[in-house]
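Okay, so here's the structure we're looking at.
Protein chains in written order, with the working numbering: chain Y, -17 to 371; chain W, 48 to 433.
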């Protein structure tokens, strides 16, 4: 099954490669995307000439490939997601999708297309994801993907701001009596193949004999773990927490499982885009930053409409409200190629970072994760957005 | 032919034939060149490596059922995967052949129960997708066995859990190598005796007793060598010590799930081929055999099956190839055959196009070797015109 999928992907890549080659000769036509956004930009700010209030200046912006324009003319965002991790990317029984990563897909769609629902989700497993990204099957990969040097360099992916600082852990059955990694000597450990988790496991267990059982997705891994084929299940702690929270009650519920204390890797999870289109990378980057900045500024999905009269210049810039200028009023445009007010769309549809966190994985959800390092820098966490100006 | 009546070369059929071939070959080469050029160029433009140096990079992870360290190069990991695919083939192909022939013959049995059971076997298995059969075998059979933390030990000879099966095995002693050499010579000698007794039987009609001759020789030489060389081999039983099982041979549960599922699945196709081939043998052959007072088994063994196999072999090759290709489904249950290892490599940052090319190459070699071997056997079975 997977063999065929990958073979198919290989063919698609080949064809994509051919069409890409053809595209370079007709580059001017693909540039129409950014041009249209520039038009809408000028409509509201036609009478201004200030440097900081310029319209989207796509002429000077090196738009390598113009994926942003392609997405806007297509009218939907192709988002590569997971559908097996509760709280992060999960396909619910009723066919809807929910999760932390899904919300960031919606946030990007809200920023780029003004509609958080304009997302076409492409479910991917760990092994397919970079091939799918490189071949243009998806626009952005938001699938609990760890930012590493090889993936940045060798896989043709560009990572943007990390959305979730995670670390790898080990989950065991509570009644197994396993309390530390060393207790797992000579057992089998279940792990998803093609993940950084797999590599970290080999590193952490370099002196501990074990049998790795590698599976393609959690749907097959979970029965193997439940039946006791493997004694440990290793993954990012957030994923384990998600799986533990949804562990069926007839098998003992969440209490039957324990996540060991030790964290043995750094797993910065974040969106990734294809190499070679810096404009698109910047857009995705700033969508993430906007959610962090919104939390810092106290903007939430509930109060985002109440800032029309605020004096805070940064809020006015972020939300695309009129700002003071010499000749009348104008809106701030950072030149990202997005319509002014995009950040307001993002926050109105998915909320700020804190809301996204609390809704999907926070203390009141079955996962019950605390913010920890995923808190604002003001609160001693790692989230720190550059200023929006 | 009169020189003046020579056709000009552009209307000469012989010339045109060659020219057409050359043009076709050029077109194919051009197409391949364009594809290659496109792929390498675009990969380079995207900063993706196009070389095969990654084969020397460390693979980075362990593989279940092998002693490879995570520092072993990708090359060795892929070879390990190929070895595991080979193991699936070497165990599965004989199994599915035997099952297929039995069920195929069973469908034609005059015994109502045997015939119906065989029909049900074929109709159920052949109409299921192989992936489903593999996942069923894994989740509904293998995973139902006792958990790895408390395996069962029937008779003290086996250690069985849903992770691994352990069976008694041999352990090499001091003179292991010379002993194996002697055994090899004995086997060759046995084959030679077999051939000689067959010749004698064909020429003179005296009973051949070839089983007795060849196996007797092997057993005699083997036993003598065993005694003289001082126990070069010892039988070891798997011993359970905590979580470690020492001694004996081991096999991963997932391996048996894949072999079992695919052998059963493919055997249902082979059974139909065998049944069709038996029906294709003229009825007169059976009748003639009956007229010679051959028993039912003798009719099958000496008259019908030899002729049926001649018809069945070419389509059975296809089923063998299908089996080998279907072993890639082992990826669904986590058995580290070559596809899983290749995808693992891709997932861990090795370049996908090159790895997929290597993967396709390895399946191609597998398939070609199998067709070659079976075709050789097919030639051997052919009616020899005297």
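A virtual CB, placed ideally from N, CA and C, is assigned to each residue, including glycine.
- Look at residue 221 of chain Y: its C-beta is not under 9 angstroms from any C-beta on chain W.
- In this structure, the beta-carbon distance from residue 160 of chain Y to residue 218 of chain Y does not fall below 9 angstroms.
- Ranked by how close their Cα comes to the Cα of residue 380 of chain W, the residues W:121, W:185, W:125 and W:207 have W:185 in first place.
- Secondary structure of residue 109 of chain Y (DSSP, three-state): coil.
- Closest in alpha carbon position to residue 48 of chain Y, among Y:124, Y:256, Y:99 and Y:203, is Y:256.
- Look at residue 167 of chain Y: its C-beta is under 9 angstroms from a C-beta on chain W.
- Under the rule that a run must span 4 or more residues, the alpha helix (DSSP H) segments found entirely inside the stretch 220 to 254 of chain W read 223 to 251.
- Pairing residue 112 of chain W with residue 100 of chain W gives a Cβ-Cβ distance that is not under 9 angstroms.
- Ranked by Cα distance from residue 192 of chain Y, the options Y:61, Y:168, Y:203 and Y:287 are led by Y:168.
- Our two residues, residue 172 of chain Y and residue 322 of chain Y, have alpha carbons roughly 48 angstroms apart in a direct line.
- The residue among Y:306, Y:199, Y:177 and Y:165 with its C-alpha nearest the C-alpha of residue 65 of chain Y is Y:199.
- Residue state for residue 319 of chain W is assigned as helix, using DSSP reduced to three classes.
- As DSSP reads the structure, residue 79 of chain Y sits in a beta bridge with Y:73.
- Using a Cβ distance threshold of 9 angstroms, residue 103 of chain Y and residue 63 of chain Y count as a contacting pair.
- When the beta-carbon positions are compared, residue 123 of chain Y and residue 90 of chain Y stay at least 9 angstroms from each other.
- According to the DSSP assignment, residue 141 of chain W belongs to no beta strand (DSSP E) but to the alpha helix (DSSP H) extending over 121 to 154.
- Take the alpha-carbon of residue 241 of chain W and the one of residue 220 of chain W: they are about 31 angstroms apart.
- Residue W:304 holds the alpha-carbon nearest to the alpha-carbon of residue 189 of chain W among W:272, W:324, W:363 and W:304.
- At least 9 angstroms separates the CB of residue 150 of chain Y from every CB of chain W.
- Taking the Cα positions, residue 78 of chain W is about 52 angstroms away from residue 348 of chain W.
- Cβ-Cβ distances below 6 angstroms link residue 311 of chain Y to 304 in the same chain, with the five nearest sequence neighbours on each side left out; the list follows chain order.
- Scanning its chain for C-beta atoms nearer than 8 angstroms, with the 5 sequence neighbours on each side dropped, one finds around residue 361 of chain W the residues 425, in chain order.
- Within chain W, no residue has its beta carbon less than 9 angstroms from that of residue 134 of chain Y; the closest one is some 10 angstroms off.
- Taking a 10 Å sphere around the C-beta of residue 80 of chain W, we find fewer than 16 other C-beta atoms and assign the residue as exposed.
- The beta carbons of residue 211 of chain Y and residue 389 of chain W sit no closer together than 9 angstroms.
- By the criterion of a C-beta distance shorter than 8 angstroms, residue 256 of chain W is surrounded in its chain by 244, once the five residues flanking it on both sides are discounted.
- Excluding the 5 residues flanking it on each side, residue 308 of chain W has same chain C-beta neighbours closer than 6 angstroms at 180, 181 and 184, in chain order.
- Contact holds between the stretch 323 to 331 of chain W and the stretch 342 to 356 of chain W, because three or more Cβ pairs, one in each stretch, are under 8 angstroms apart.
- In this structure, residue 285 of chain W sits near residue 295 of chain W, with a CB-CB distance shorter than 9 angstroms.
- Two segments are said to touch when three or more pairs of C-beta atoms, one from each, lie closer than 8 angstroms; by this definition the stretch 177 to 196 of chain Y does not touch the stretch 281 to 288 of chain Y.
- A straight line joining the alpha-carbon of residue 324 of chain Y with that of residue 265 of chain Y spans about 10 angstroms.
- The beta carbon of residue 162 of chain W is closer than 8 angstroms to those of 153, 154, 155 and 156 in its chain, skipping five residues each way along the sequence.
- Closer than 9 angstroms to the CB of residue 395 of chain W there is at least one CB belonging to chain Y.
- Interface residue (Cβ-Cβ distance to chain W less than 9 angstroms): residue 197 of chain Y is classified as such.
- Neighbours of residue 130 of chain W in chain Y, taken as residues whose beta carbon is under 8 angstroms from its own, are absent, since the nearest beta carbon is some 17 angstroms off.
- Ranking W:394, W:73, W:204 and W:90 by CA distance to the CA of residue 283 of chain W puts W:204 first.
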